[in-house]
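Peer 1: For reference, the structure I am asking about is given below.
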Amino acid sequence: MKAYNAKRDFDITLEPPGKTRRGKAGFAYVIQQHDATRMHFDFRLELDGVLLSWAVPKGPSLSVHEQRLAVQTEDHPLDYRHFEGEIPHGEYGGGPVIVWDRGTWQPEGDPHHGLDKGHLSFVIDGEKLQGRFQLLRVRGRSKAPERGPKSQWLLVKRDDEHARSGADAEPTQRLPRSVISGKTVQQIGNGAGDAACDKTDDAPMPSLDSIEPQLAQWVDGLPRAGHYRYEIKFDRYRVLAMIDGGRAQLHSRNGLDWTTHVPAVRDALAKHSASTSRRRWPISSRSATSPR
Ligand code: MN
């Protein structure tokens, strides 16, 4: 965890400070898509209170015939698995991050022994990825160290009912969105993420006609991947809220001023803004009521 902390200035980045969690054994799994100097997928497995981490430039494949290079990076703190947002430019790993997949993993055999031998077999139970995978350490001519950070591994799908071929084998293409926010890493990079908004103190207030409220839509079935919430559709009004200098203004979809019609909502939003003073304008299509 020392290597993790040494690389980051926690006064600047919103990433969590590194600490090792002792005593609580769990097997969290997460993949974060990270558009830094190069786009890559950070593959992380919880072990002994930290997240073991590998950078996978091409991301995972569901084809048993693909071997994806996975370069081990420094252990990350467990809390990092929730991190989504923009790492400020100029900082280590500067660029947007989304939580691309999350869930749990189950080692097959003793994972300490597997890590030591360079042969880690496990089963993933994520929202996007499931089934058996392997991490195999590359030996031989490579100049990379044999162990620890910068050591080279291959991430491989093992054969089971979750293996796929062709275009179906590339989940990062088919399912690009965050399992937390539903945003792509490009959208987070454009300042559409909450954490990113925290850093836009000097950004101008967007104009009303540049923002569309999120509306309900008819679909034939429930989404099969990703992170969704459901709510009962009351037949009410969708309202856009803008908060500037601690004052909230509310507008209908047609741009009509609703600020005085819903004073309770206006006051609650102003109060919320005061308690998160660094956030000048949360892009908010959240409304007190549901769409019509
Ligand atoms: Mn990364």
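Take the sequence shown: its position 281, counting from 1, is numbered 282 in the numbering used here, and each next residue is one higher.
For glycine and all other residues, C-beta sits at the position ideal for the given N, C-alpha and C.
Relative to the ligand MN, what is the chain-ordered list of residues with a Cβ closer than 5 angstroms to any of its non-hydrogen atoms?
Peer 2: Any residue whose Cβ sits closer than 5 angstroms to a heavy atom of the ligand MN makes the list: 35 and 43.
Peer 1: Using C-beta distances below 7 angstroms, list every residue in its chain close to residue 134, excluding the 5 sequence neighbours before and after it, in chain order.
Peer 2: Counting only Cβ-Cβ distances below 7 angstroms, and skipping sequence neighbours, we find 123, 125, 156, 157, 158 and 159.
Peer 1: Could you please give the first and the last residue of the uninterrupted beta strand (DSSP E) stretch that includes residue 45?
Peer 2: 40-48 is the span of the beta strand (DSSP E), which, as asked, contains residue 45.
Peer 1: So residue 151 packs on residue 72, CB below 8 angstroms; how close in whole Å?
Peer 2: Sure, about 6 angstroms apart at Cβ, within 8 angstroms.
Peer 1: Where does the unbroken alpha helix (DSSP H) through residue 115 begin, and where does it stop?
Peer 2: First-last of the alpha helix (DSSP H) with residue 115: 112-118.
Peer 1: Which first and last residues belong to the alpha helix (DSSP H) in which residue 5 is found?
Peer 2: It spans 3-7 - the alpha helix (DSSP H) in which residue 5 sits, taken as one unbroken run.
Peer 1: Entirely within the region 80-163 and at least 4 residues each: give me those alpha helix (DSSP H) ranges in chain order.
Peer 2: DSSP runs (the alpha helix (DSSP H)) wholly in the region 80-163: 112-118.
Peer 1: At the level of alpha carbons, what is the spacing between residue 252 and residue 241?
Peer 2: Cα-Cα distance, rounded: 5 angstroms.
Peer 1: To the nearest angstrom, report how far apart residue 10 and residue 92 are at their CA atoms.
Peer 2: Straight-line Cα distance between these residues: approximately 8 angstroms.
Peer 1: Using the rule of at least 16 other Cβ atoms within 10 Å of the residue's Cβ for burial, across every protein chain shown, is residue 44 buried or exposed?
Peer 2: Answer is buried; the Cβ neighbour count reaches 16.
Peer 1: Which term fits residue 102, buried or exposed, when burial requires 16 or more other beta carbons within 10 angstroms of its beta carbon?
Peer 2: The residue in question, residue 102, is buried, as its Cβ has 16 or more Cβ neighbours within 10 Å.
Peer 1: Using only the alpha-carbon positions, how far apart do residue 70 and residue 42 sit?
Peer 2: For residue 70 and residue 42, the distance between alpha carbons rounds to 11 angstroms.
Peer 1: For residue 169, does the three-state DSSP call read helix, strand or coil?
Peer 2: Note: residue 169 maps to helix in three-state DSSP.
Peer 1: Once the 5 residues before and after residue 36 are set aside, which same chain residues still bring their CB inside 7 angstroms of it?
Peer 2: Excluding residues within five positions, the ones whose Cβ falls inside 7 angstroms are 96, 97, 186 and 190.
Peer 1: Where DSSP assigns a beta bridge to residue 69, which residues make up the other side?
Peer 2: 156, per the DSSP bridge assignment.
Peer 1: Does DSSP classify residue 194 as helix, strand or coil?
Peer 2: For residue 194, the predicted model reports a pLDDT of 47, less than 50, meaning its position is unreliable and no value from the coordinates is stated.
Peer 1: Just list the residues that DSSP pairs residue 218 with in beta bridges.
Peer 2: For residue 218, which the question treats as bridged, DSSP gives no partner whatsoever.
Peer 1: Under a three-way DSSP split, which group does residue 263 fall into?
Peer 2: Looking at residue 263 - three-state DSSP - the assignment turns out to be coil, as it is neither helix nor strand.
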